[in-house]
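In my numbering, the protein residues as written are 1 to 155.
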């Protein structure tokens, strides 16, 4: 009797894990090269949310954001650059899911240069999620790789 109950419990746990696995893990991590203006495949799935790829770009801080950054960094607008990451994201489910995107900018030795985090909310839609992060201009040429971390939660 005990063995049957134990076997049934194990089968239920395995079925629940399988169902969750079909939905996708709630976390994803991948190391990618820092290649600007190139589409880099991720093939990520966090919960029901799919993140197909990422594209990195650079820019300068302009407008109000640029004015604030130039004041913070001593009035020199050439001190900072904006690292942009565009993620092709899709949530086919009707429930609202939050995805936290974290980028760790690494040098050739794998040492952390800078980190950026932003959260987006998706409900039955496909869109491009933009993450912009201000960093010091002199470190941009040192960026060799990016560790992309994604984490999903049901809102």
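Note that the Cβ used here is the ideal one computed from N, Cα and C, for glycine as well.
Counting along the chain, where does the beta strand (DSSP E) carrying residue 114 start and finish? Residue 114 sits at position 114 when you count from the first residue of the chain shown. Counting along the chain, the beta strand (DSSP E) containing residue 114 begins and ends at 112-136.
Please state the DSSP three-state secondary structure of residue 92. Counted from its first residue, the chain shown places residue 92 at position 92. Residue 92: strand per DSSP, three-state reduction.
Residue 99 (DSSP reduced to helix, strand or coil): Residue mapping note: residue 99 aligns to position 99 of the chain shown, counting from 1. Strand, per DSSP.
Identity of the residue in 148, 108 and 154 nearest residue 139 by Cα: The sequence position of residue 139 within the chain shown is 139, counting from 1. Measuring from the Cα of residue 139, the nearest candidate turns out to be 108.
Would DSSP call residue 79 helix, strand or coil? One-based indexing of the chain shown puts residue 79 at position 79. Here residue 79 sits in coil by DSSP.
Which of helix, strand or coil does DSSP assign to residue 48? Here residue 48 corresponds to residue number 48 of the chain shown, with the count starting at 1. Three-state DSSP puts residue 48 in coil, outside helix and strand.
Taking only three categories from DSSP, how would you classify residue 26? Taking the first residue of the chain shown as 1, we reach residue 26 at position 26. Three-state DSSP puts residue 26 in coil, outside helix and strand.
What residue does the beta strand (DSSP E) around residue 144 start on, and which one ends it? Here residue 144 refers to the residue found at position 144 of the chain shown. Taken as a continuous stretch (DSSP letters only), residue 144 belongs to no beta strand (DSSP E), as it is neither H nor E.
Which value, in whole angstroms, describes the spacing of the CA atoms of residue 98 and residue 54? Counted from its first residue, the chain shown places residue 98 at position 98. Counted from its first residue, the chain shown places residue 54 at position 54. Approximately 18 Å, taken between the alpha carbons.
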